[in-house]
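Residue numbers are given in this note's numbering: position 214 of the sequence shown equals residue 214, and the series is strictly consecutive.
Where is the CB? At the ideal position from N, CA and C, for every residue including glycine.
These numbers were taken from a predicted model, which means no experiment stands behind them.
Worksheet for the structure shown next.
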Amino acid sequence: MKRRVAILISGRGSNMTALIEAARAADFPASIALVVSNVANAAGLTAAREAGIATAVVDHKGFGKDREAFERALQEALDAHGIEIVCLAGFMRLLTPWFVRQWEGRMLNIHPALLPAFKGLDTHARALAAGVRIHGATVHFVIPEMDSGPIIMQGAVAVGDDDTEQSLAARVLAVEHAIYPAALRLVASGAVVLRDGRCSGPGHKAEPPPPLIMPVL
Ligand code: GAR
């Protein structure tokens with residue numbers, strides 16, 4: 001049985017689209033049953049509808065400062081669609097410990113940096129300013145602390161002398177689109193599980209590839 005997944009978005013939804021496309025494969029262990037946005041005019045909602053996915057809007061502005069009321073509405077939408085796994089994909093709301101606990105080990109996030117480096121916003125500009133030679137993206141299980149939690153998968157890119165925020169963002173985004181579906185596959189199939197606060201399972205046992213070294217030797 002395919003696991004029923006909801007994707008939570010706030011904007012463009014390119015990671016959402018990568019997940020929707022991957023989930024079309026007959027052997028993919030999850031189906032995208034719902035896309036929820038906290039922003040009524042998010043571009044990703046249009047793309048989800050065009051892809052034939054059920055959508056819902058839970059606008060945080062309607063709940064004022066009451067975060068838990070917003071999250072109870074979110075939870076109702078997820079329950080109404082029998083959701084088993086939640087993927088945050090550019091969902092720009094902080095979630096309370098109450099909500100995160102409901103989804104422990106079943107809620108994933110993607111972040112455009114090699115965590116635990118560069119949590120928060122403007123990750124590519126900050127990576128360039130720090131002069132890192134290797135940057136990338138991370139898929140992790142969500143815990144109450146922002147952009148933290150057990151790491152499921154990471155992908156890295158070399159940073160060149162000529163890179164700009166835009167060029168780096170484009171290369172990292174391509175990595176995001178590759179690793180998010182792959183990470184969801186691992187979790188939905190049970191190949192990776194959360195145990196004692198870390199990811200474990202056969203998904204981590206393949207031979208590692210050669211190291212990425214920058215500048216090139
Ligand atoms: C992505 O780069 C994602 O990693 C980032 O927002 C972007 C959403 O793009 N998420 C975070 O920064 C979370 N801390 P998308 O809407 O095209 O997927």
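Taken through DSSP and simplified to helix, strand or coil, Met16 comes out as helix.
Non-local beta-carbon contacts of Ser189 in its own chain, meaning distances under 7 angstroms to residues more than five positions away in sequence, involve Pro29 in chain order. Secondary structure of Ile179 (DSSP, three-state): helix.
Closest in alpha carbon position to Arg67, among Val100, Thr17 and Arg49, is Val100.
Thr96 sits in coil when the DSSP states are folded into three classes, being neither helix nor strand. Under the three-state reduction of DSSP, Phe63 is assigned to helix.
Counting along the chain, His124 sits inside no beta strand (DSSP E); it lies in the alpha helix (DSSP H) bounded by residues Thr123 to Ala130. Distances between the C-beta of Ser37 and the heavy atoms of the ligand GAR are all 6 angstroms or more.
Selection Ile151, Val139, Val57 and Val187 evaluated against Tyr180 yields Val139 as nearest (Cα-Cα). Rounded to whole angstroms, the separation of the alpha carbons of Ile83 and Val192 is 19 angstroms. Here Arg3 carries a strand assignment [DSSP, helix/strand/coil].
Contact annotation, Val187 with Val175: C-beta distance approximately 18 angstroms; criterion of less than 8 angstroms not satisfied. His111 has its CB nearer than 6 angstroms to a heavy atom of the ligand GAR. Taking 6 angstroms as the cut-off, one finds at least one heavy atom of the ligand GAR near enough to the beta carbon of Arg12. The residue among Ile9, Pro116, Arg171 and Pro112 with its C-alpha nearest the C-alpha of Glu145 is Pro116. In this model, Leu95 and Leu108 are separated by some 13 angstroms (Cα to Cα). The closest heavy atom of the ligand GAR lies 6 angstroms or more from the beta carbon of Ala6. Per DSSP, Ala43 is one residue of the alpha helix (DSSP H) stretching across Ala43 to Glu50.
Distance from the Cα of Ile152 is smallest, within the candidate group Leu184, Phe91 and Arg126, for Leu184.
At a cut-off of 6 angstroms, the beta-carbon of Asn41 does not count as near the ligand GAR: no heavy atom of the ligand is closer than that. The C-beta distance from Val86 to Arg106 rounds to 7 angstroms, short enough to fall under 8 angstroms.
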